[in-house]
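As you go down the protein sequences, you meet chains A and B in turn. Under the working numbering, the letters of the first sequence match residues 37 to 613, in that order. Under the working numbering, the letters of the second sequence match residues 179 to 408, in that order. Since the structure comes first, as C-alpha cells, the remarks are kept for the end.
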Amino acid sequence: MSWISVEKAKKLEERFGYPKVSQDKSGVVSVEVPKDKFIEFLKFLKEDKEYDFRMFLDLTIIDHGEKEDPRFQGVVILFSPTYQHRIIVKTWALDETLPTLTNLWKGAKWAEREAWDMFGIKFEGHENLVRMLLWETYPYHPLRKDFPLEGIKDTYLPSLNETLRGDSLEGLFNYDRMHTAIPTMEDLEITQKKRMPVKTSQIVLNWGPLHPGTHGTIWFLFDLDGEYVKQCDIIIGQLHRGVEKLGENVNWQQFIPYTDRMDYIAAINENHAYVLAAEKLLGIEIPEKAKWIRTMMAELSRINSHLLWLGTYALDLGALTMFLYTFREREKIMDIIEGISGARFTINYFRIGGVFADLPYGALDAIEHLIKDLPERINDYETLLTRNRIWLSRNKDVCIITEEDVYEYGLTGAVARGSGVPYDVRKIDKYDAYGEVEFDIPVGETGDSYDRYLVRMEEMRQSIRIIEQCVAKLRRMSKNDPYFFQTPDEKKLKVTIDGRGMKLPAGEVYASSDNPRGELGFYIYNKKDGLKAHRMRIRSGAFYNLQVFTKAIIGRPIADAITLLSTIDPVVGETDR
Amino acid sequence: MGIKKVGAKPQTLVEKIFFLDFIKGLKTTIKHLWKKVITVDFPYEVVTPPPRFRGVHGLRTVDGTENPEFDSWVKRLKIKPPEPGETRCIACKFCQAACPVPELFDIQSEKLDVPEGHPHYGLKVMTVFNMDLSKCTFCGLCTQACPTDCIIMTDIYDLSSYTRRSWVLDKDMLTQIANDFVARRGKEKFDEKSQWREDQKLWPEYDRTREKLWDFNMPKLGLNYHDQTA
Ligand code: SF4
Ligand code: SF4
Chain A
37 MSWISVEKAK KLEERFGYPK VSQDKSGVVS VEVPKDKFIE FLKFLKEDKE
87 YDFRMFLDLT IIDHGEKEDP RFQGVVILFS PTYQHRIIVK TWALDETLPT
137 LTNLWKGAKW AEREAWDMFG IKFEGHENLV RMLLWETYPY HPLRKDFPLE
187 GIKDTYLPSL NETLRGDSLE GLFNYDRMHT AIPTMEDLEI TQKKRMPVKT
237 SQIVLNWGPL HPGTHGTIWF LFDLDGEYVK QCDIIIGQLH RGVEKLGENV
287 NWQQFIPYTD RMDYIAAINE NHAYVLAAEK LLGIEIPEKA KWIRTMMAEL
337 SRINSHLLWL GTYALDLGAL TMFLYTFRER EKIMDIIEGI SGARFTINYF
387 RIGGVFADLP YGALDAIEHL IKDLPERIND YETLLTRNRI WLSRNKDVCI
437 ITEEDVYEYG LTGAVARGSG VPYDVRKIDK YDAYGEVEFD IPVGETGDSY
487 DRYLVRMEEM RQSIRIIEQC VAKLRRMSKN DPYFFQTPDE KKLKVTIDGR
537 GMKLPAGEVY ASSDNPRGEL GFYIYNKKDG LKAHRMRIRS GAFYNLQVFT
587 KAIIGRPIAD AITLLSTIDP VVGETDR
Chain B
179 MGIKKVGAKP QTLVEKIFFL DFIKGLKTTI KHLWKKVITV DFPYEVVTPP
229 PRFRGVHGLR TVDGTENPEF DSWVKRLKIK PPEPGETRCI ACKFCQAACP
279 VPELFDIQSE KLDVPEGHPH YGLKVMTVFN MDLSKCTFCG LCTQACPTDC
329 IIMTDIYDLS SYTRRSWVLD KDMLTQIAND FVARRGKEKF DEKSQWREDQ
379 KLWPEYDRTR EKLWDFNMPK LGLNYHDQTA
C-alpha cells in the first residue's frame with residue numbers, strides 16, 4: 037500500500053493532540069491540522085526520522101463553494117522515500133491566507149503561485165507571489181467556484197466571426213462578440229517585470245515564447261552576465277486551457293479526451309493516470325485483460341514519447357540525423373496505436389473500467405514485430421551518440437541536479453532517476469499489471485544531463501521488456517475475456533463506456549502514474565456522489581520538473597539551457613494544463 | 179526491486195586518438211544511406227486509414243442491418259418507423275449527452291403534420307441534425323452512445339476549408355458521408371448487425387502504401403488470442 041498506515045498516522049494524533057486523521061475508502065490517508073500549527077506539523081513530518089516525509093509532491097486548494105465558511109482548504113501531498121508511502125495534510129485557509137511552505141520545500145514556490153493565481157489564496161512569507169499561468173493584470177481567480185466555465189466576457193473581440201458575413205451568421209456560427217480578456221502587450225510587459233523584479237546584470241535575454249527550440253510555448257527570462265546565467269525565471273501559461281476547470285464541469289468519461297490534450301506526446305499515459313484515479317474512487321477492480329492491455333499500451337506510449345524526446349534533443353544539440361531515425365521508428369508505433377484505438381495523437385482508448393474495445397486482429401503480431409527490431413535501433417542511436425565526443429562534452433557534468441533537489445522540488449520520472457533516486461510510481465503503486473511484470477529502474481550517478489540521457493535510453497529497453505511480457509501474457513488469454521468492467525448491479529453502480537449517467541461516489545483520491553515526463557497525479561475531491569468532480573487537481577510532473585530549471589541553470593553558460601531543457605523534457609500542454 | 183545503474187564511462191585514449199566514436203557513427207550513417215525512401219508522397223500517395231479510424235462523422239440509414247433493439251427504440255421514442263434508405267436517427271440525443279463538447283450538436287425533431295387517424299399520427303421525425311466539427315475532439319464517445327448505431331465515424335480526415343461555416347455538417351451531408359463509407363468500407367468495420375466486427379483488422383492489408391513506412395518489412399497480421407478463429 038502506498039499510503040501511510042492509519043495506525044502510524046494515529047500516533048501523530050496522540051503525540052500532538054490537534055491532528056485529525058481520516059482514511060477514505062480509496063485508501064487515501066489525510067490529516068487535518070489547524071492553520072497556526074500547519075508549518076510546525078509539516079516541519080515535524082519532514083524532519084522526524086520515523087516519518088521522514090522529505091519529498092514534496094503537491095500543494096493545492098479546494099474551494100468548497102461560496103456559501104461555506106471557512107471556504108478554502110489547503111491540501112499538501114507528501115512522500116516518504118524511506119518508507120515508500122504518501123500522506124495528505126490539510127488545513128483551512130482562514131482569511132484566504134496560508135503560511136508559505138517555501139522555507140521547507142523550495143518546490144512549493146510555483147505551486148503556491150499557482151494557488152494564488154487560481155484561487156486567490158495569499159501565502160504569507162512567499163518571496164515573490166506573482167501569478168503562475170495567467171498574466172499579472174488579470175483580475176479574477178478562475179478556479180473559484182463562482183467563476184463561470186466560459187469565463188467573464190468583458191472584452192470586445194469580433195474576429196471569430198467571418199468578417200465577410202458580419203453579424204448575419206446564424207445558429208452555430210454566430211459567435212458572441214464579447215469574450216474573456218486576453219493580455220495586451222502592456223500586460224505582458226508588466227508580467228515580465230514582476231517576474232524578475234531585480235535585475236542583477238546588464239542583459240535580460242528573452243527566450244520564447246515562440247522559439248522553435250523550446251518544447252512548445254515557454255517564455256524564458258535569463259539574467260545574463262556575459263555568457264553566464266545569474267538569474268532565471270520562466271513564464272508559462274501560453275497554452276493554459278483550464279483543464280482542471282473543465283474537469284469539474286464535464287462528466288467522468290467525457291474528461292478523458294481533455295486529458296489527451298495535456299501531454300499530447302504521451303496521451304495514453306495521461307488517460308492512464310486519470311482512469312486510475314477515477315477507478316480508485318469508484319472502488320472497482322478492472323478485468324485482467326484490460327490491465328495487461330493498458331500496461332502494454334502505456335509502455336508503447338513511453339517508447340513513443342522517448343523517441344520524440346531523443347530526436348528533438350539531438351536536433352537541439354545539432355545532430356539532425358537522429359531526428360529522422362527516431363521519427364521513422366516512431367511512425368510505426370503511431371501506426372499501431374492508430375490501428376488499435378483509431379487515432380494517432382489524441383488517443384482516448386482507456387476508459388474508467390478498462391478499455392473501450394478489444395485489440396483488433398493482428399495487433400499483437402504488429403507489436404511483436406516492432407519490438408523485435410527496436411533494441412537494434414536503440415543500439416544504432418547509441419553508437420551515434422553515447423560515445424561521441426561532441427555529445428559527451430555537451431552533456432557530461434552539465435546542469436547537475438542533486439538528490440536533495442529531487443526531494444525539495446518534487447522531481448519525478450527520468451529527472452529524479454538520473455539523479456540517483458529510484459522513484460518510480462510503477463513500483464510503488466503497482467497499478468494495473470506493473471506488479472506482475474519484471475523490469476528494472478535505471479538510475480544515474482551524478483545527476484548531470486548525460487545521466488538523464490542514459491536513463492531514458494535504458495527506460496526504452498525496459499519498456500520493451502515489459503511489452504514482451506504483456507504480449508506473452510495476452511497471447512494466453514481468451515478472446516471472450518472481458519476488456520471492460522461488468523457492473524454486477526446496474527442500480528447500485530453504473531459504469532458505462534460512454535459515461536452517460538455515471539456517478540462517482542463522494543470521497544477523495546490521489547492516484548498517479550509514472551509518465552514519460554514524471555509522475556502525473558490526479559487528486560479528485562468529491563463532496564457528494566456526482567456526475568462531475570467537485571475538485572479535479574492535476575499534479576503535473578512536467579510542471580514540477582520544469583521548476584528546477586530555474587535553479588540548475590544558474591551559473592551555467594546560456595548554451596546549456598538547451599541541453600537542460602531537453603533533458604528535463606517538459607511538454608507545455610502538461611505544464612500549463 | 180530491480181535497480182540498474184547507468185553511468186558515464188570516460189573516453190579511452192584509443193577512442194580519442196583514432197576518432198573511433200566518429201568512425202562508428204559514420205558506419206551507422208552509411209548503413210542507412212542505401213535504404214529505400216520510406217516517406218509517402220502525399221497527396222499523390224495516401225495511406226488508407228485503419229477500420230477503427232476516427233474521422234468525420236456520418237449518419238447511417240436503414241438498410242436491414244440494424245441491431246435487434248432498433249424497432250423497440252423507434253417505438254419508445256415515438257418516431258415514425260423509417261423506410262429503407264431513411265435515416266436511423268431517432269433524435270434521442272444520447273450522442274449529445276455523451277459528448278465532451280455538447281454544444282456542437284444541434285438536434286431537433288418535429289411531430290408529423292398528419293390528420294388524426296393516420297397511422298403516423300402523433301409520431302415524430304428528426305428534422306435538424308447539425309454538427310459543428312470545428313469543435314469536435316474526435317473522441318468517438320458519441321458513436322458509442324448511439325443506441326441505433328446511427329452515428330458512425332468514417333475514414334475521412336481532410337477537413338480543411340476556407341470558411342468556418344463549412345465545418346458545420348447538416349443531416350443530408352452526414353447521411354451521404356455515411357452511405358459512401360458503408361458502401362466503400364462498411365464490410366471491414368461492421369458486421370451484419372451494425373456492430374463492430376470481432377475480426378476488425380489492425381489496418382487494411384490490401385493497402386500497399388503502408389509498406390513504405392514499415393521499411394518494406396511489414397508484420398504479418400494474425401490472431402491475438404489462442405482461442406480465436408479467423
Ligand atoms: S467525436 Fe467526441 S467530440 Fe466529436 S461529436 Fe462525437 S462525442 Fe462529440
Ligand atoms: S444517439 Fe444516434 S439516434 Fe440518438 S440522436 Fe444521436 S445519432 Fe440520433
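We treat Cβ as the ideally placed atom computed from N, Cα and C, and that holds for glycine.
Reference residue i; option with closest CA among the options
i: Gly-63 of chain A; options: A:Val-607, A:Val-545 and A:Ala-569; result: A:Val-545
i: Phe-74 of chain A; options: A:Leu-137, A:Thr-173, A:Tyr-486 and A:Ile-598; result: A:Leu-137
i: Lys-182 of chain B; options: A:Phe-475, A:Thr-586, A:Leu-224 and A:Arg-430; result: A:Phe-475
i: Gly-446 of chain A; options: A:Glu-481, A:Glu-102, A:Gly-543 and A:Asn-581; result: A:Asn-581
i: Asp-212 of chain A; options: A:Ile-188, A:Met-221 and A:Pro-233; result: A:Ile-188
i: Ala-547 of chain A; options: A:Leu-567, A:Thr-216, A:Lys-316 and A:Asp-525; result: A:Lys-316
i: Glu-615 of chain A; options: A:Ile-239, A:Ser-602 and A:Asn-516; result: Any question about residue 615 of chain A goes unanswered here, given that chain A covers just 37 to 613.
i: Asp-284 of chain B; options: B:Ala-323, B:Leu-311, B:Leu-191 and B:Lys-194; result: B:Leu-311
i: Ala-361 of chain B; options: B:Leu-191, B:Pro-382, B:Gly-300 and B:Thr-332; result: B:Thr-332
i: Val-218 of chain B; options: B:Cys-317, B:Asn-395 and B:Thr-387; result: B:Thr-387
i: Phe-520 of chain A; options: A:Ala-393, A:Trp-243, A:Phe-155 and A:Gly-398; result: A:Ala-393
i: Thr-382 of chain A; options: B:Phe-231, B:Leu-290 and B:Ile-208; result: B:Phe-231
i: Ala-569 of chain A; options: A:Lys-181, A:Gln-522 and A:Asn-242; result: A:Lys-181
Residue i - partner residues in DSSP beta bridges
i: Cys-268 of chain A; result: A:Phe-258
i: Glu-160 of chain A; result: A:Pro-135
i: Gln-109 of chain A; result: A:Ile-98 and A:Trp-128
i: Tyr-397 of chain A; result: B:Lys-379
i: Pro-390 of chain A; result: This sequence places Gly at residue 390 of chain A; Pro is not what is there. According to DSSP, Gly-390 of chain A bridges with A:Arg-387 and A:Phe-520.
i: Ser-287 of chain B; result: B:Met-304
i: Gly-566 of chain A; result: A:Leu-540
i: Thr-265 of chain B; result: B:Thr-239
i: Leu-421 of chain A; result: None, per the DSSP bridge assignment.
Exposure label - residue i; buried when at least 16 CB within 10 Å
i: Tyr-310 of chain A; result: buried
i: His-296 of chain B; result: exposed
i: Leu-34 of chain A; result: Any property of residue 34 of chain A remains undetermined from this structure, which presents chain A solely from 37 to 613.
i: Val-479 of chain A; result: buried
i: Met-91 of chain A; result: buried
i: Gly-471 of chain A; result: exposed
i: Lys-379 of chain B; result: buried
i: Glu-374 of chain A; result: buried
i: His-404 of chain B; result: exposed
i: Gly-300 of chain B; result: exposed
i: Arg-387 of chain A; result: buried
i: Val-215 of chain B; result: exposed
i: Ala-597 of chain A; result: buried
i: Phe-272 of chain B; result: buried
i: Lys-82 of chain A; result: buried
Limits of the unbroken beta strand (DSSP E) element including residue i
i: Phe-558 of chain A; result: 554 to 562
i: Ile-75 of chain A; result: Run containing Ile-75 of chain A: none in the beta strand (DSSP E); it sits in the alpha helix (DSSP H), 74 to 83.
i: Thr-305 of chain B; result: 302 to 310
i: His-235 of chain B; result: 235 to 237
i: Trp-243 of chain A; result: 239 to 243
i: Asn-551 of chain A; result: 543 to 551
i: Ser-66 of chain A; result: 65 to 68
i: Gln-59 of chain A; result: 56 to 59
i: Thr-331 of chain B; result: Here residue 331 of chain B turns out to be Met, not Thr, going by the sequence shown. Taken as a continuous stretch (DSSP letters only), the beta strand (DSSP E) holding Met-331 of chain B covers 329 to 331.
i: Met-572 of chain A; result: 571 to 575
i: Val-479 of chain A; result: 477 to 479
i: Ile-181 of chain B; result: 181 to 183
Range covered by the alpha helix (DSSP H) that runs through residue i
i: Ile-339 of chain A; result: 324 to 352
i: Met-370 of chain A; result: 356 to 377
i: Arg-488 of chain A; result: 485 to 511
i: Pro-18 of chain A; result: No answer is possible for residue 18 of chain A: the residues shown for chain A start at 37 and end at 613.
i: Lys-432 of chain A; result: Looking at the DSSP string, Lys-432 of chain A is not in any alpha helix (DSSP H), and its letter there is neither H nor E.
i: His-308 of chain A; result: 303 to 318
i: Glu-444 of chain A; result: 439 to 445
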